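Number of protein chains: 2
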Amino acid sequence: MLVVGAGLIGTSVALALRERGHRVWLADVSATRLRQAHELGAGDAHEGEPVDVTVVAVPPGKTARVIAERIGEGGGTVTDTASIKREVQQELRRLLGNPSESAFTSSPGLSRYVGGHPLAGRERGGPLRAHPAMFAGRAWVLTPDAQVSAESLEAARWLVTECGATPVTMTAEEHDHALAMTSHLPQIVASALASQLATQPDAVLQLVGQALRDMTRIAAADPSLWVDIATGNAGPLADAMDGLTSSLQQVAGALRSVPPDSTSVRRLIEAGGAGHSRLPGKHGGSPRSYHIVPVVVPDQPGQLARLLADAAASGANVEDLRVEHAPGLPVGLIELFVGPESAHALRTVLADRGWTLTDEATAP
Amino acid sequence: MLVVGAGLIGTSVALALRERGHRVWLADVSATRLRQAHELGAGDAHEGEPVDVTVVAVPPGKTARVIAERIGEGGGTVTDTASIKREVQQELRRLLGNPSESAFTSSPGLSRYVGGHPLAGRERGGPLRAHPAMFAGRAWVLTPDAQVSAESLEAARWLVTECGATPVTMTAEEHDHALAMTSHLPQIVASALASQLATQPDAVLQLVGQALRDMTRIAAADPSLWVDIATGNAGPLADAMDGLTSSLQQVAGALRSVPPDSTSVRRLIEAGGAGHSRLPGKHGGSPRSYHIVPVVVPDQPGQLARLLADAAASGANVEDLRVEHAPGLPVGLIELFVGPESAHALRTVLADRGWTLTDEATAP
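These protein sequence lines map, in sequence, to chains G and A. The first sequence begins at 101 in the numbering used here and counts up one residue at a time. The second sequence begins at 101 in the numbering used here and counts up one residue at a time.
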């Protein structure tokens, strides 16, 4: 296996493959990153050794060129991890002298390329944040087009499975449309919201609560990466942005009418609730109902550990957990998400052990 | 003390005051809510007994009318908890026959009213979610205007402090401008983003990651409450929405140019990073740097508790904690936020005890 690009994703792929006992070669234009990845145990520097599968994990804007190079130099089945797929595919066709989408006029190189995109990552990149479990249980989209050989498609699916991820196959266009909505639009909106804070007086910043914090968490993003992604998925992203802004403009217009018209506000909040209820549950498939048990926890060392030990003693599996805090808070509110079958025992044990509980709720 | 409105906020105020040993009366148009709040120990039904301070915690659209009634019936110092302040103040002036803002033509009733807004709350309302620590350490904005007596202002500040909150004084206009940005715009945007999901194919929903989940968490909101808030703060909210949409439109326009223009994308992501870095740290004041220690945790009962017990054994105070998960994930990634002084000991102890750590980062 060869991994080109020893950043966060490439190094994590290499670590995952190494854990499964595979031989992994690494390449990177940066000697520093290459050395860091090597020291993490991700593999050895590639010096032309033959490989069965090449994973190209470089910035989206460079991906097509690097794929074309690797196809030219052998490289076995070549796949990539770029979060945009249509533009990579089109540029690759141009580079390989095969601008048509027809399998009948295909360049032989294209039969060995399978587009890929693991749905994993973090706000901050670099090999030092990599870990082998990064893809465990995640979806990993594959976007094979008509030219791909059955053998290469199989190799790409095998790679995804070896990394612990679940292959999800769709066209490059379907991928880009979906990601515009689920990933690219949220990033742009988080950045736009956070950018509004840049010019606010300090007094305003002091009143920021958990909601806006959650909504701007990803705003500390890498501008160069997002320039590549946004311009590389420009059409679908601009469409998604237009959908959002037209809905915001309609509500703003209604608010400016005299007296303010409440109908479109109500419709927006209701539609948001309907959309929110469609989000899949933690374990995929149909949403599972959790019981949420909120507990007041003093902001002192060891309290969170004590709470979770007490929760474990009740036999409940805490499936998720949310910490609410605000500046200056001497206590936090911890919400424990458990299956409905565990909620009663959990509440009883926690109350017995002196915790302050507030009423539970149910969440999809 | 009298609390009018035994919903989430009113009942929490009553519980907080009861914990401090005060006598609390309750009123609500709903006999069910009143009984629930009473059974939670929040106080007894009010039957005209004289009170020193009245807290009006009813929906924003009804707040001014209820304040005016209570001022008419005695009620001592009257304050409220509505998340909009300017419109409540103006409607109250109209109701009390005193449309001027001048202290010299003031109605005597206005000298007893201090606008208030505790910055606390949850997605879901009702007395059963109430708890006495809801305001602990939170900011509680007071918006006294020129007519308020020194005695009533003092009583309002005392109430806030008794509830464990920190009084922050500003004008009603300043409050509404700040909240439009920090609370109302985020709600509208979360709802608008989530509403886009309502019409997506299932395949798109399956690709939703943590970022969009975080950004739509509050979309399960109460439409009636938000109609009141949005129309009650229509001007500042529409201004904030316009600021956001014009920034989104500029970027969408740049993406539609041929070839897509990357400058405004880069500028937006950079401005978002700058705004994000201004968010205050957990304990208020200047942002504190945390070290983030990410740990891979198997999705099995008791693992989170074991992790936090091991963390406590290292002497580190886990100041915050974030759980990352995705549908189907057999392991989770838990990020522990600790002070820089604790990070090394924490990593050493966790590694000794067999945890898989990935590299730490620093976050404001």
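Just so you know, even glycine gets a beta-carbon here, dropped at the ideal spot from N, CA and C. Remember, predicted model here, so these are calculated numbers, not experimental data.
According to DSSP, which residues form a beta bridge with A451(A)? Answer is none; A451(A) lacks a bridge partner.
To the nearest angstrom, how far is the alpha carbon of P380(A) from that of R165(A)?
36 Å
- Anything in the region 344-376 of chain A with a Cβ closer than 7 Å to a Cβ of chain G? List those residues in chain order, please. L344, T345, S347, L348, Q349, V351, A352, L355, R356, P360, S362, V365, R366, L368, I369, E370, A371, G372, G373, A374, G375 and H376
Q.
Does the CB of I318(A) have a neighbour CB from chain G at under 7 Å?
A. Contact with chain G is found for I318(A), since one of that chain's Cβ atoms lies less than 7 Å from the residue's Cβ.
### Message
Within 10 Å of its beta-carbon, does T261(A) have 16 or more other beta-carbons around it, so buried, or fewer, so exposed?
### Response
In this structure T261(A) is exposed. Its beta-carbon is surrounded by fewer than 16 other beta-carbon atoms within 10 angstroms.
DSSP bridge partner residues for I369(G) (one or two, in chain order):
DSSP output for I369(G) lists no bridge partner at all.
Inset, instruction - Taking all protein chains shown into account, decide if R406(A) is buried (16 or more other Cβ within 10 angstroms of its Cβ) or exposed. - result: buried
So who's on the other strand from F235(G), going by DSSP bridges?
Looking at the DSSP assignment, F235(G) forms no beta bridge with any residue, so it has no partner.
request  = Scan the region 320-331 of chain A for residues whose Cβ lies nearer than 7 Å to a Cβ of chain G and list them as they occur along the chain.
outcome  = Taking 7 Å as the cut-off between beta carbons, the residues of the region 320-331 of chain A near chain G are A320, A321, P323, W326, V327, A330 and T331, in sequence order.
Can you find a C-beta in chain A that's less than 7 Å from the C-beta of G402(G)? yes
If you reduce the DSSP assignment to three classes, tell me which class H376(G) lands in. helix
Helix, strand or coil at D180(G) according to DSSP, with G and I counted as helix
strand
| message | For the region 338-349 of chain A against the region 343-350 of chain G, do three or more pairs of beta-carbon atoms, one drawn from each stretch, fall closer than 8 Å, so that the two count as touching? | response | yes
Q) So what's R120(A) in DSSP terms, helix, strand or just coil? A) coil
query: If you draw a straight line from the C-alpha of L195(G) to the C-alpha of A168(G), how long is it?
result: 7 Å
Worksheet item: In the region 318-342 of chain A, which residue ranges form an unbroken alpha helix (DSSP H) of at least 4 residues, counting only runs that do not cross its ends?
Response: 323-332
So that I know if they touch, is there some Cβ in chain A lying closer than 7 Å to that of V304(G)?
yes
Can you name the residues of chain A whose CB is closer than 7 Å to the CB of P160(G)? Near P160(G) there are no residues of chain A at all, since even the closest Cβ is about 12 Å away, more than 7 Å.
_Where the alpha helix (DSSP H) containing T266(G) begins and where it ends_ = Not the alpha helix (DSSP H): T266(G) falls in the beta strand (DSSP E), residues T266 to T269.
For chain A, is any of its Cβ atoms less than 7 Å away from the one on T282(G)?
yes
Q | Partners in chain G for V418(A), counting only beta-carbon separations shorter than 7 Å | A | L404
* **Residues of its chain near A280(G), where Cβ-Cβ distance is below 8 Å and the 5 sequence neighbours each way are ignored** => N333, P336, L337, D339 and A340
With distances taken from CA atoms, which of V449(A), V418(A) and H231(A) is nearest L457(G)? L457(G) has its Cα closest to that of H231(A), out of V449(A), V418(A) and H231(A).
* Is the beta carbon of A294(G) sitting closer than 7 Å to the one on G141(A)? -> Against a cut-off of 7 Å, the Cβ pair of G141(A) and A294(G) comes out as no contact.
Would you say A278(G) faces chain A, with C-beta separation under 7 Å as the test?
-> For A278(G), a Cβ of chain A is located within less than 7 Å of the residue's own Cβ.
P150(A) to G175(A) span [Cα, whole Å]: Roughly 7 Å between the two C-alpha positions.
inquiry  = If distances are taken between C-alpha atoms only, which option among L192(A), T177(A), E147(A) and G172(A) comes closest to P160(A)?
reply    = That would be L192(A), whose Cα lies nearest to the Cα of P160(A).
Discussion item. I'd like to know whether the C-beta of P286(A) is nearer than 7 Å to at least one C-beta of chain G.
Written reply: yes
**OP:** For chain A, find out if any of its Cβ atoms is closer than 7 Å to the Cβ of Q189(G); answer yes or no.
**Re:** no
Distance, G415(A) Cα to L450(A) Cα: 12 Å
| Extent of the continuous beta strand (DSSP E) to which A127(G) belongs | W125 to A127
key: Contact list for A239(A) against chain G, beta-carbon separation under 7 Å   = Q306 and L307
A290(G): contacting residues in chain A (beta-carbon distance under 8 Å) | A311, M315 and G372
* Asked: Mind pulling the chain A residues with CB within less than 9 Å of D128(G)?
  -> Near D128(G) there are no residues of chain A at all, since even the closest Cβ is about 17 Å away, more than 9 Å.
From L108(G) to G309(G), what does the alpha carbon distance come to, in whole angstroms?
31 Å
ask   = Where T243(A) and D276(A) are concerned, what is the direct C-alpha to C-alpha distance, given to the nearest angstrom?
value = 10 Å
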